[in-house]
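Numbering (the numbering used here), first residue to last: -12 to 197. Using N, Cα and C, we set each Cβ at its ideal position, and we do this for glycine too. Shown next, in C-alpha cells, is the structure this report addresses.
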C-alpha cells in the first residue's frame, strides 16, 4: 500500500496542488479587484444592467482606470496635477511617510532603467563560510565613515521573500550570480528544493561587484 501511494498518489498530488494554489490565488485577486465595481453608480453596475454577476468585471474596470490615469499623468497638465496631489499628501503627518515610501518602492520596481532587484547576489551571511542569496537594491549609499564603497542589498527570508533584512555591505564582498531573479525566487520559496537546472546559472565565484 505504501509503495502504491508513493507511485501514484504523490505524483497526482504534484499535478493538482500547484493548479489549486494557482486557482485560489487568482480567485482571491479577481474577487478583490471586483470590489472596484462598487465605485460605479449602482444603476451602472454590470450586475444591475445585466441582471446577473459577471466575474472579472472589476479586473477590467481596474485596468481601464489605471490606463486612463497613466495617460493623464503622462502629459504636462496631468504631471502638474500629480505634483499638486503629492505635495498635499506630503504635508500630512504619517500619511506622507507611507505615500512617499510606497511611491519610491514602486518606481524602483517599475522604471526600466532602475536596477533594483534585478541582480541576484551571494553574500557571506549570517557568518563566515555561510552564504545567502540577496538582491541588489542600490549601488549608492549615504556617506559613511567607512573608507569603502558600500552598497545596499536585501536578504529575503524563506519561504516568504517579501520579508527579509536590509544589509549594507562593501561592494568587494559581494559575488554576482549568473542567475535570474525568477530562478532565485523559486529557490527561496521552495526552501531550496527547486534549484536552477541550467548549467548557465552557476555562480561566477571570481566575479565581484565593483
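Buried versus exposed, by CB contacts within 10 Å (16 or more), residue 45 = Within the chain shown, the letter at position 58 stands for residue 45. Classification of residue 45: buried, given that the 10 Å Cβ count is 16 or more.
Have a look at residue 118 and residue 178 and give me their C-alpha separation to the nearest angstrom.
-> Along the chain shown, read from residue 1 onward, the residue named residue 118 stands at position 131. Along the chain shown, read from residue 1 onward, the residue named residue 178 stands at position 191. When the Cα atoms are used, residue 118 and residue 178 turn out to be separated by approximately 15 Å.
Residue 193 by DSSP, collapsed to three states: which one?
-> Residue 193 sits at position 206 when you count from the first residue of the chain shown. Low local confidence applies: a pLDDT of 38 at residue 193 is under 50, so the model's placement there is unreliable, with the coordinate-based value given in what follows. Correct three-state label for residue 193: strand.
Taking only the alpha-carbon atoms, compute the straight-line gap between residue 170 and residue 73 and give it to the nearest angstrom.
-> What you label residue 170 is simply residue 183 of the chain shown in a count that begins at 1. What you label residue 73 is simply residue 86 of the chain shown in a count that begins at 1. If you draw a straight line from the Cα of residue 170 to the Cα of residue 73, it is about 36 Å long.
Would you tell me roughly how many angstroms separate the C-alpha atoms of residue 81 and residue 88, rounded to the nearest one?
-> Position 94 of the chain shown, counted from the first residue, corresponds to residue 81. Position 101 of the chain shown, counted from the first residue, corresponds to residue 88. One C-alpha to the other measures close to 11 Å.
The stretch 148 to 164 in contact with the stretch 131 to 139 per 3-pair CB rule at 8 Å | Under the three-pair Cβ rule at 8 Å, the stretch 148 to 164 counts as touching the stretch 131 to 139.
Entirely within the stretch 98 to 155 and at least 3 residues each: give me those beta strand (DSSP E) ranges in chain order.
-> Unbroken beta strand (DSSP E) stretches of 3 residues or longer found wholly inside the stretch 98 to 155: 107 to 111, 118 to 125, 137 to 143, given in chain order.
Name, in chain order, the residues that DSSP records as bridge partners for residue 157.
-> Position 170 of the chain shown holds residue 157. Residue 157 is bridged to 137.
Should residue -3 go down as buried or exposed, given a rule of 16 or more other Cβ atoms within 10 Å for buried?
-> Locating residue -3 in the chain shown gives position 10, counting from the first residue. Exposed, since its Cβ has fewer than 16 Cβ neighbours within 10 Å.
So what's residue 32 in DSSP terms, helix, strand or just coil?
-> Here residue 32 refers to the residue found at position 45 of the chain shown. In this structure, residue 32 counts as coil in the three-state DSSP scheme.
Straight-line gap, residue 5 to residue 77 (C-alpha atoms, nearest Å) | Within the chain shown, the letter at position 18 stands for residue 5. Within the chain shown, the letter at position 90 stands for residue 77. Roughly 43 Å between the two C-alpha positions.
Below 8 Å between beta carbons: does that hold for residue 180 and residue 108?
-> The residue given as residue 180 occupies position 193 in the chain shown. The residue given as residue 108 occupies position 121 in the chain shown. The answer is no: Cβ separation not under 8 Å.
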